[in-house]
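In short: position in the sequence shown from 1, add 50, done, that's the working numbering. What follows is one structure encoded as structure tokens, with my remarks underneath.
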Amino acid sequence: MTTELEQQWSDALALWSISEWILAQAPTSPWVHPPALFAVAPDSTFADTPSRRIGLETLGPEGATVLDVGCGGGGSALPLASRTTHLHGVDEQHSMLVNFTEAAQRLGLVVSTTEGKWQDVEATVPPADLVISHHVAYNVADIGAYVSSLSSHANRRVIVELPDRHPTAPMSPLWKHFWDLDRPAEPSAQLFAEVVRASGFSPSLERFSRAPRKPQLDNDAYIAFVRTRLCLSPDRDNDVAEALQRFGLTESAHVATVHWSP
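Right, here's the structure in full:
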């Protein structure tokens, strides 16, 4: 049964959808993520965030298994490598899993993957001591099922990291500029934590700030990425570049870690 809070999340998330008349003008899907944007460079250093601290504490000095749902290139799981005995990543983009596997193997990890949307493959994915899912929640409308499925796969703890507000909120001025489209303010990390509590768990929420991650794309590729997200055609690249100069576009510095025992 959908709770009032789950419905509130779903309704708020629906306001972030892109109108069909805009999507009809998009030459390519705005939802495909460039793998290079989430790749972990061999010389990467990892910030001491609450997500990392709690993850290392959960795994303990003896090490344990980690399941990363929506793993991308490994930026969420690899900071836990020193205490990970086996790492399993789930992502719907094959190219992400290739980068994820290569990055994990560079650190000497035993790694396995499952390709597909979490809701489609979760039944085939083995449990782990620690389940992490970073920067995924705002893509999930059925948030109650997401919380329950992560919890059912975790032996010790679930850690979800998400921006305090919707991750594409920094693009709101660009949507207004190109499409005269106003973007909403909700849902939020606070609402997510309330959903977890309403699901029968006792979540802790820790907010923190971080410096924006350096894009792993050159300038032209980054402009193309933003233009694709805005459902614009390649001939608008110069317009996008000018808008970026005018409005700027930086990743939200306000992030939250929500964690709970299953």
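Positions of the beta carbon are idealized from the N, C-alpha and C atoms, including for glycine. The structure presented is a predicted model; accordingly, all values stated were derived computationally and were not measured.
Of the residues VAL148, GLU142 and ASP118, the one placed nearest THR134, counting alpha carbons only: ASP118
C-beta atoms of ALA306 and ALA248 nearer than 8 Å: no
Counted within 10 angstroms of its Cβ, other Cβ atoms place GLY298 as buried (16 or more) or exposed: Flag for GLY298 reads exposed.
Cβ separation of TRP59 and ILE209, assumed to be a contact under 8 Å, to the nearest whole Å: Going by Cβ atoms, the distance from TRP59 to ILE209 rounds to 19 Å, so no, they are not a contact pair.
ASP179 - containing beta strand (DSSP E), residue span: Bounds of the beta strand (DSSP E) holding ASP179 are 178 to 184.
Within 8 Å, strictly: CB atoms of ARG207 and HIS309: Their beta carbons are under 8 Å apart, which means ARG207 touches HIS309 by this criterion.
Cβ contact check for the segment 169 to 188 and the segment 272 to 285: 3 or more pairs under 8 Å: no
Proximity to PRO312 [Cα-Cα], best of GLY139, LEU180, ALA271 and LEU294: Checked all of GLY139, LEU180, ALA271 and LEU294; the closest Cα to PRO312 is LEU180.
The alpha helix (DSSP H) enclosing ILE68, as first and last residue numbers: That residue, ILE68, is in no alpha helix (DSSP H); it is neither H nor E in DSSP.
Which listed residue (GLY113, GLN295 and VAL148) has its alpha carbon closest to that of THR163: VAL148
Opposing strand residues paired with VAL119 [DSSP bridges]: Answer is VAL140, bridged to VAL119.
Beta bridge counterpart(s) of VAL161 as assigned by DSSP: DSSP, once it has assigned bridges, lists LEU137 as partnering VAL161.
Exposure label - PHE242; buried when at least 16 CB within 10 Å: buried
Identity of the residue in LEU224, THR218 and GLY166 nearest ARG286 by Cα: LEU224
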